[in-house]
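The numbers in the working numbering rise by one with no breaks, and the one at position 178 of the sequence shown is 1262.
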Amino acid sequence: QNQQRCSAANCPCTLEPDSSPFFSILANNSIVLTSSSLEATASTNDRYISLSCRDSGSPPKKSAPVTTIVSVSMKNKRPTAIRPASFTVPETLAPGELAKQLFTTDPNGEADTFTYSIVTDTLGLFTVSPSGELRLAIGKRLSYKDGPRVYNLVVRTTDDGRASPTDTPTPNKLSFDANLTVIIEEVPQSPTDILFENGVTSVSISEATNNSLVGVFTAVDSNVNNIFQYSLSSELSVTFPFYLDPANNSRLLVATTPLSGDIPPLDALVTPSYSVTVTLLDVLAKTFIDRTFTVNVTLSERGCSVDAGTVLSVREDSLPGSLVGFFSASEPGKGFLGDNSSLLITSSSSLLFEIRYSLLNDNISYIPGLYVRKDLPSNSSIFDFSKSPSYPVVISCRNKNPVTVIVNINEANMPPDDILFTQTAVLFDDSPVGTVLGTLRASDHNTVPLWAATFISLTPCVTPNTSTDYYSASLVKPFFCTTDADTANGTV
């Protein structure tokens, strides 16, 4: 106000509280930069200095604050980051497909244009365009199951040397190398197949299997993380004898127990096989497939038995292969199944007899029959009532529970073997009619022979020892003409 210029000594100046913190005033009123952190940015490059001065009058007078603008020129700075530093890509990413668009964080803001390049890519999985398009390399594939699930690579970003958008690009280009993390994400894939017991299409179980494991289903799926649900066809009847384990529905169990209500026990004779259709639901992929398998039911050792007290009979003149008779053999609650090995003759009678089977009307069960062995010679008698009126035949079912079946030999009216003559008197030319010459006796193996001799004819002897044959209904017996001296030989 005095229109005088004050020296620094007479008019000292001070910064106002709202001044930029980067500056200070020295004793000579010089404004100096006191901070090395002064930077210009794309949004703000001006700094403000607010100061006031006082004179040396008494009392001193203070001026109104005066604000000075300090313009800070920007310089090119190095990029500080590439973003995103971590990201996820699906394992189904196709070769050449964009994985991620990269961006650069730079103190110069949008002043620079950036160029990208790959510094380190161990497996050569990716390529990057100058504009920052990171893509899966041609000929490469990702696999969550077989490949790396987390992949690291180093990408370099290089600016164009400008400090502000209005600058001209310069050779003073700055770069930054960033470690990028690529997380491979598993993509749920539809299962391709269902395996049963490691790949079979059918299994066999004994009909005696109850509440036991039949087999385990396994899904063929390329995923590592899966949630599978198995179910049986809804078209199955309530008597279907299989179910899936509630605790692990990939396990197929037999449902038949004595307490299973309407579900009958497994019976190889009634149902020798079952078709099992299973549905596999992939919860993550939201897809399902069906497969059908076969469960064969095999016969078990049923503990079959032959009824005791069976008595059969056969004529002693029976020929090889003749039926002796049928007998009863059964399995508990099942009937009898003849399979040529169930019943065996375990006694010496197997030399004379054999077992054969006849199919019953139900076309399922068989009834066993005892037969004269068909491989015996037919030119001689097989049985002789007089010597062996019966035979004990020991029969066992699968070598268990042997039972003796009695076979009685019925005596047959067999032809006499011979006619024997016993002379008791001498015949003279004047012997009266009715003279008893001797007795005839039939040689017959029947125990109670009933026979009658019929006189056919009498022919005078012409030549001694000349044979004449006479035929009866049962036996041909030659008698020879002899002299009286030959009567001791028993012939006439």
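Heads up, the beta-carbon is just placed ideally off N, CA and C, and yes, glycines get one too.
Q. Just to confirm, does Leu1297 get its C-beta within under 7 angstroms of one of the non-hydrogen atoms of the ligand ADP?
A. This structure lacks the ligand ADP, and indeed carries no ligand of any kind.
Q | C-beta contact flag for Asp1374 and Asp1305 at 8 angstroms | A | As a working mapping, residue 1374 is identified with position 290 in the sequence shown. As a working mapping, residue 1305 is identified with position 221 in the sequence shown. Result no, Cβ atoms of Asp1374 and Asp1305 do not sit closer than 8 angstroms.
Q.
In whole angstroms, give me the CA-to-CA distance for Ala1183 and Thr1276.
A. On the sequence shown, residue 1183 is found 99 positions in, with the first residue counted as 1. On the sequence shown, residue 1276 is found 192 positions in, with the first residue counted as 1. Near 28 angstroms, if we compare the C-alpha coordinates of Thr1276 and Ala1183.
Q. So Ile1490 packs on Val1395, CB below 8 angstroms; how close in whole Å?
A. Sequence index remark: in the sequence shown, residue 1490 carries index 406 (1-based). Sequence index remark: in the sequence shown, residue 1395 carries index 311 (1-based). Beta-carbon to beta-carbon, Ile1490 and Val1395 are separated by about 5 angstroms, close enough to satisfy the 8 angstroms threshold.
(Q) To the nearest angstrom, how far is the alpha carbon of Ala1165 from that of Asp1190? (A) Position 81 of the sequence shown, counted from the first residue, corresponds to residue 1165. Position 106 of the sequence shown, counted from the first residue, corresponds to residue 1190. Distance between the alpha carbons of Ala1165 and Asp1190 is about 7 angstroms.
Q | Tyr1597, buried or exposed, once every other Cβ within 10 Å from all chains shown has been counted against 16 | A | The structure shown has nothing for residue 1597, since the chain only spans 1085 to 1576.
Q. Alpha carbon to alpha carbon, what distance is there between Ile1429 and Ile1347?
A. Indexing the sequence shown from 1 puts residue 1347 at position 263. Indexing the sequence shown from 1 puts residue 1429 at position 345. Taking the CA atoms as reference points, Ile1347 sits about 38 angstroms from Ile1429.
Q: If I'm right that Pro1404 touches Leu1460 with Cβ under 8 angstroms, what's the distance once you round it to whole angstroms?
A: Along the sequence shown, read from residue 1 onward, the residue named residue 1404 stands at position 320. Along the sequence shown, read from residue 1 onward, the residue named residue 1460 stands at position 376. 4 angstroms between Cβ atoms; contact.
Q | Boundaries of the beta strand (DSSP E) in which Phe1377 is found, first to last residue | A | Numbered from 1 along the sequence shown, position 293 holds the residue referred to as residue 1377. Its beta strand (DSSP E) spans residues 1371-1382.
(Q) Measuring straight from C-alpha to C-alpha, what distance separates Pro1214 and Leu1328? (A) In the sequence shown, the residue the question calls residue 1214 occupies position 130. In the sequence shown, the residue the question calls residue 1328 occupies position 244. Between Pro1214 and Leu1328, the C-alpha separation is close to 58 angstroms.
Q) What is the DSSP secondary structure of Gly1417, counted as helix, strand or coil? A) Locating residue 1417 in the sequence shown gives position 333, counting from the first residue. Confidence is the limiting factor: at Gly1417 the pLDDT is only 47, short of 50, which leaves the residue's position unreliable, though a coordinate-based value still follows. Gly1417 carries a coil assignment under DSSP once its states are collapsed to helix, strand and coil.
**Q.** Length of the line joining the Cα atoms of Phe1312 and Thr1241
**A.** Along the sequence shown, read from residue 1 onward, the residue named residue 1312 stands at position 228. Along the sequence shown, read from residue 1 onward, the residue named residue 1241 stands at position 157. Rounded to the nearest angstrom, the two C-alpha atoms are 45 angstroms apart.
Q) Are the stretch 1208-1227 and the stretch 1152-1165 in contact at 8 angstroms, needing three or more beta carbon pairs? A) Contact fails: fewer than three Cβ-Cβ distances are below 8 angstroms.
Q.
Please return the same chain residues whose Cβ sits closer than 8 angstroms to the Cβ of Arg1089, not counting the five positions on each side in sequence.
A. Here residue 1089 is taken as the residue at index 5 of the sequence shown, counted from 1. There are no such residues.
Q: Quickly, what does DSSP pair Asp1329 with across the bridge? List them, please.
A: Along the sequence shown, one-based indexing puts residue 1329 at 245. Answer is Asn1332, bridged to Asp1329.
Q.
Between the alpha carbons of Gln1273 and Arg1335, how many angstroms are there, rounded?
A. On the sequence shown, residue 1273 is found 189 positions in, with the first residue counted as 1. On the sequence shown, residue 1335 is found 251 positions in, with the first residue counted as 1. For the pair Gln1273 and Arg1335, the Cα-to-Cα distance works out to about 23 angstroms.
Q: Look at the alpha carbon of Glu1400 and the alpha carbon of Ser1480, and state the distance between them as a whole number of angstroms.
A: Residue numbering aside, residue 1400 sits at position 316 when the sequence shown is read from its first letter. Residue numbering aside, residue 1480 sits at position 396 when the sequence shown is read from its first letter. Rounded to whole angstroms, the separation of the alpha carbons of Ser1480 and Glu1400 is 25 angstroms.
Q: Rank Glu1194, Ala1221, Asp1196 by C-alpha distance to the C-alpha of Ile1202 and give the top, closest one.
A: Stepping through the sequence shown from its first residue, residue 1202 is reached at position 118. Taking the Cα of Ile1202 as reference, the smallest distance to any Cα among Glu1194, Ala1221, Asp1196 is reached at Ala1221.
Q.
Quick check on this structure: which residue in Phe1107, Asn1112, Asn1129 has the alpha carbon closest to the alpha carbon of Gly1119?
A. As a first step, residue 1119 is located in the sequence shown; it is residue number 35 there, counting from the start. Per the sequence shown, residue 1119 should be read as Ser rather than Gly. When each option's Cα is compared against that of Ser1119, the closest is Phe1107.
Q. Where DSSP assigns a beta bridge to Lys1146, which residues make up the other side?
A. Start at 1 with the first residue of the sequence shown, and residue 1146 comes out as number 62. As computed with DSSP, Lys1146 is found in a beta bridge with Arg1138.
Q.
So, does the stretch 1244-1254 touch the stretch 1224-1234, judging by three or more C-beta pairs under 8 angstroms?
A. Result no; under three Cβ-Cβ pairs closer than 8 angstroms.
Q: Can you check the stretch 1459-1518 for any beta strand (DSSP E) of at least 3 residues that lies completely inside it and give the ranges in chain order?
A: Complete beta strand (DSSP E) runs here, min 3: 1474-1481, 1484-1494, 1502-1507.
Q) Any idea which residues DSSP pairs Thr1204 with across the strands? A) Locating residue 1204 in the sequence shown gives position 120, where the first residue counts as 1. Residue pairing of Thr1204 in beta bridges, as defined by DSSP: Val1238.
Q: Kindly indicate the opening and closing residues of the beta strand (DSSP E) around Asn1282.
A: Looking up residue 1282 in the sequence shown gives position 198. It is not in any beta strand (DSSP E) - Asn1282 carries neither H nor E in the DSSP assignment.
Q) Who are the near neighbours of Asp1244 in its chain, counting only those whose CB is closer than 7 angstroms to its CB and skipping five residues on each side? A) Against the sequence shown, residue 1244 aligns to sequence position 160. These residues qualify, in order along the chain: Asp1196, Thr1197, Pro1253, Lys1257.
Q.
According to DSSP, is Ser1108 part of a helix, a strand, or is it coil?
A. Here the question's residue 1108 lines up with position 24 in the sequence shown. Here Ser1108 sits in strand by DSSP.
Q. Going by beta carbon distance, what residues of the same chain come within less than 7 angstroms of Ile1109, once the five residues before and after it are set aside?
A. Locating residue 1109 in the sequence shown gives position 25, counting from the first residue. Within the same chain, Cβ atoms closer than 7 angstroms to the Cβ of Ile1109 are found at Cys1097, Thr1098, Leu1099, Ile1115, Leu1135, the five residues on either side in sequence being excluded.
Q) Near Val1271, what residues of its chain come up, given a Cβ to Cβ distance below 7 angstroms and the 5 sequence neighbours on each side ignored? A) Working through the sequence shown from its first residue, we reach residue 1271 at position 187. Counting only Cβ-Cβ distances below 7 angstroms, and skipping sequence neighbours, we find Pro1174, Glu1175, Thr1176.
(Q) Residues in the same chain with beta-carbon distance under 6 angstroms from Ile1267, minus the five sequence neighbours each way, listed in chain order, please. (A) By one-based count along the sequence shown, residue 1267 stands at place 183. Cβ within range, chain order: Thr1172, Val1234.
Q: Please say whether Val1398 and Leu1390 have beta carbons closer to each other than 8 angstroms?
A: One-based indexing of the sequence shown puts residue 1390 at position 306. One-based indexing of the sequence shown puts residue 1398 at position 314. Sequence check: residue 1390 is Val here, not Leu. Taking the C-beta atoms as reference points, Val1398 is found no nearer than 8 angstroms to Val1390.
Q. Where Asn1485 and Pro1452 are concerned, what is the direct C-alpha to C-alpha distance, given to the nearest angstrom?
A. Stepping through the sequence shown from its first residue, residue 1485 is reached at position 401. Stepping through the sequence shown from its first residue, residue 1452 is reached at position 368. Taking the CA atoms as reference points, Asn1485 sits about 16 angstroms from Pro1452.
**Q.** For Leu1396, the first and last residue of its enclosing beta strand (DSSP E)
**A.** Translated into the one-based positions of the sequence shown, residue 1396 becomes position 312. Where Leu1396 is concerned, the enclosing beta strand (DSSP E) stretches over 1395-1399.
Q. Which residues mark the beginning and the end of the beta strand (DSSP E) in which Thr1323 is found?
A. Within the sequence shown, numbered from 1, the residue matching residue 1323 stands at position 239. From DSSP, Thr1323 is part of no beta strand (DSSP E); its letter is neither H nor E.
Q: Using DSSP bridges, identify the partner residues of Ile1222.
A: The residue you call residue 1222 lines up with position 138 of the sequence shown. Answer is none; Ile1222 lacks a bridge partner.
**Q.** Status (buried if at least 16 other CB within 10 Å, exposed otherwise) for Glu1181
**A.** As a working mapping, residue 1181 is identified with position 97 in the sequence shown. So Glu1181 ends up on the exposed side.
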